[in-house]
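Below is one structure, written out as structure tokens; comments come after it.
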Amino acid sequence: MTFLESLKNKITSQLGASALVFSYPPSSDLGELSLACFEPAKKENISPVELAKKWAETIKQNQELAAYFSEVRPVGPYLNFFILPKLLATEVIAQIKKEKDNYGRNNNGRQQQIMIEYSNGNTHKEYHVGHLRNIAYGDAINRLLSANGFKSIPVSYINDFGIHVAKTIWNLKKNPEYTNQNEAKGWLLGKCYAEASQKLTDRPEYKLEVAKIMQEIESRSGDNYALWKETRNWSIDYFASIYKELDVKFEKTFYESEVIAEGLEMVNTMLAKNILVKSEGAIIANLEKYDLGVLPIIRSDGTALYPVADLALAVNKFSLYNLVESIYVVDVRQSLHFKQLFKVLELLGYQQRLTHLPYDFVTLPGGMMSSRTGNVITYEELKTKIRTRLLAETRSKHEDWSDEQVAKVADVLTIGIIKFEMLKVSADKIITFNIEESLKFDGYTACYLEYSYARLQSILRKESGVSLLGKIDFSLLTEKKEVELLIKIAKYPELIILASAKRNPSELTKYLFELAQLSNDYYHAVNILKADKKIKKVRLALIKAVSQVLKNGLDVIGLDTLDEM
RNA sequence: GCGCCCAUAGUUCAAUGGAUAGAACACCAGCCUUCUAAGCUGGUUAUGUAGGUUCGAUUCCUGCUGGGCGUACCA
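When we follow numbering that gives the first Met the number 0, the leftmost residue of the first sequence carries the number 0, and every step to the right adds one.
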């Protein structure tokens, strides 16, 4: 239990109340902890102002509890607590020192298994910034669940069998130069797809050729099937390299091509059960009585649509793992599709909790991203642009560094910028990805956070001789900024719970930014290394705790840290 | 047509129904003999519209306006 939790429990029990809602005052002039008395006053049938006054006295009657505070002050309908800095510092810093990388983690999930599917790669297609939002969001939720004590199982589902594959192969055969270059083969397939898509829009008469290729791939024999197998691996290898760069790991990867047969069997069973019906030559799930319209399953030409694999995939997940929840991190535009899919699974008798975790799309300043109009930025292009700038910037700061050192910093910051830009906005907001803006190093950015951490490390490094093991006099932390920092890091475990409950990593990015601001503010205002010996020691202990919290929080949103930059 | 989402400062975003609606960018003025100036300090600016519920609404409900997305053989 954290210091703040136990303090809130003690107050609640002394007041003889239950389920009190605590909050934090908007300004440190109003204390460190606050209790709004509106609701409890209703139960007691007195005004909240009166109750706050009354409760202030009740707290003071308990000497042991009152000793935690320099003041318990009723302010209108609020009861505000001024926590003694010495106690706050002693307890919070000790806990961080003890738990280190585990500070902030809890076991609320009791190791129950939650599967989270994200990444949604399409082989034979370009990998663009939209995918990056999915990866950053899915990976952060995965890490958040894990930090809250769930056994989170990240899985990736790769669509290697759709019509887009046939389009790419069709164009590849017409333009063999796509296979003869030195560039990454998976990346070239993406270019090949974009061109194919454009050609087929301009000349729809080629669609018959594409359909023929698709049929041959589905029949799993012939030259086109062999070419599919070969090119599929190019994309899969390419994805693996991207995941490695982004530091995301999957426990299992599902492929559409491997579940489609099972899905077709399910279709037959469901036809027999009348869950699916034939209509206008196609096979559909008619969900109109649930206000969910119609879900087409099999085209009238007999070929399978996306839900076939999706149904089999969902069932596979449940049979392979004992899940309390199965999460799908997928673009909000597929909301109706998932409602339909979940309803069909329910009709089949599955009762597990299924969650579609939607996020809105990423656009570019020039308008909606689309392969067709060419207004699309691939991961490769984005990464290169950002990394090139960072290499130059880092070199200009450190002329004496080796190329390896400079590259290391640029690599960590590049990935950090991409993930942070995707996470700092809540999922229901459209992100207009402005590369120039993302490249800035000021303000609410990944670089700012990373820089703040590196600065703290730098100070700690300069005084590595000072032992932080011996007795530290925490009563020496009396500066206002020190108390603000202390209460901020004391709150961190609550943020992990909140961000996970709301499934919203931006709660955490915001918190970390505020912590970094406080931290930068602090070491500008207060000298650490030149302070008296005892004060220096306690201030070093404080910034060590702060840097630990920064590191832990950055880790939860998937960002690596740098000791120097 | 129907359904879902969005609307807050010049721009991009915050705000479990609660205290003076917070930040960042941009702009202006300062700070390197002081732990990395990728930093810090100070200043200017906002809840689309009409109602309702409430002691209290940026938040909940309804209408309107504007924008986005989805809506049977794309994924």
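Beta carbons: idealized from backbone N, C-alpha and C, even for Gly.
Strand pairing of residue i, partner residues [DSSP]
i, result
"E116", "V154, Y327"
"F238", "Answer by DSSP bridge pairing: none, since F238 is not bridged."
"A281", "S278"
"P364", "Bridge partners of P364: none, in fact."
"F440", "Looking at the DSSP assignment, F440 forms no beta bridge with any residue, so it has no partner."
"I430", "V361"
"S22", "S33"
"T566", "The structure shown does not extend to residue 566, since the chain is modelled only from 0 through 564, so no value can be given for it."
"N61", "According to DSSP, which records beta bridges pairwise, N61 is partnered with nothing at all."
"Y254", "I157"
"K377", "Position check: residue 377 holds Thr in this sequence, whereas Lys was assumed. Answer is H127, bridged to T377."
From the options, residue whose alpha carbon lies closest to that of residue i
i, options, result
"L346", "M269, D399, L304", "M269"
"L312", "L322, E257, R202, L64", "E257"
"V361", "A165, H127, K407, E513", "H127"
"L131", "I416, T178, L553, D402", "I416"
"F432", "P364, K550, F21, E563", "P364"
"N519", "L455, G469, V164", "L455"
"Y452", "V525, L549, P39", "L549"
"V18", "P24, P25, P39", "In the sequence under discussion, the amino acid at residue 18 is Ala, which differs from the Val named in the question. The shortest C-alpha separation from A18 is found at P39."
"K479", "Y443, A524, A260", "A524"
"L319", "K173, I274, K418, I152", "I152"
"M564", "T122, D399, Q333", "D399"
"L64", "K7, S46, N119", "K7"
"P504", "N141, P76, E261", "N141"
"A308", "L335, G280, L340, S278", "L340"
"C191", "V408, K248, E125, A210", "E125"
"M213", "D201, K228, R202", "K228"
"E379", "N551, I414, H397", "I414"
Nonlocal neighbours in the same chain, by C-beta distance under 8 Å from residue i, ignoring five residues either side
i, result
"L224", "Before going on, a small fix: residue 224 reads as Tyr here, not Leu. Closer than 8 Å at the Cβ level, and outside the excluded window around Y224, lie E215, I216, S218."
"L459", "L539, I542, K543, S546"
"R388", "L438"
"F317", "S325, Y349, Q351"
"L304", "P295, I296, I297, R298"
"K384", "I434, L438"
"N315", "F253, V258, E261"
"A55", "V71, R72, P73, L78"
Beta-carbon spacing of residue i, residue j below 8 Å
i, j, result
"I241", "V266", "no"
"I157", "T230", "no"
"R502", "L356", "yes"
"K166", "L188", "no"
"Y289", "K243", "no"
"V74", "L29", "yes"
"G557", "D159", "no"
"L561", "E462", "no"
"V405", "E250", "no"
"Y443", "F512", "yes"
"Q13", "N61", "yes"
"V247", "A489", "no"
Close beta carbons around residue i, own chain, < 7 Å, minus the five adjacent residues each side
i, result
"L83", "Y67, F68, S69"
"Y254", "I157, D159"
"V331", "P357, Y358, D359"
Spatial neighbours of residue i in its chain, beta-carbon cut-off 6 Å, leaving aside the 5 residues before and after
i, result
"L476", "P84, A88, V537"
For this session: For the segment 321-329 and the segment 112-120, state whether three or more C-beta atom pairs, one from each stretch, are separated by less than 8 Å.
Result: yes
*Taking contact to mean at least 3 C-beta pairs separated by less than 8 Å, is the segment 485-505 in contact with the segment 140-152?*
At 8 Å Cβ cutoff, the stretches touch.
Can you confirm whether the segment 475-490 touches the segment 72-89 when touching is taken to mean that 3 or more C-beta pairs between the two stretches lie within less than 8 Å? yes
Checklist entry - Is the segment 41-54 touching the segment 95-110, taking contact as three or more C-beta pairs under 8 Å? => result no
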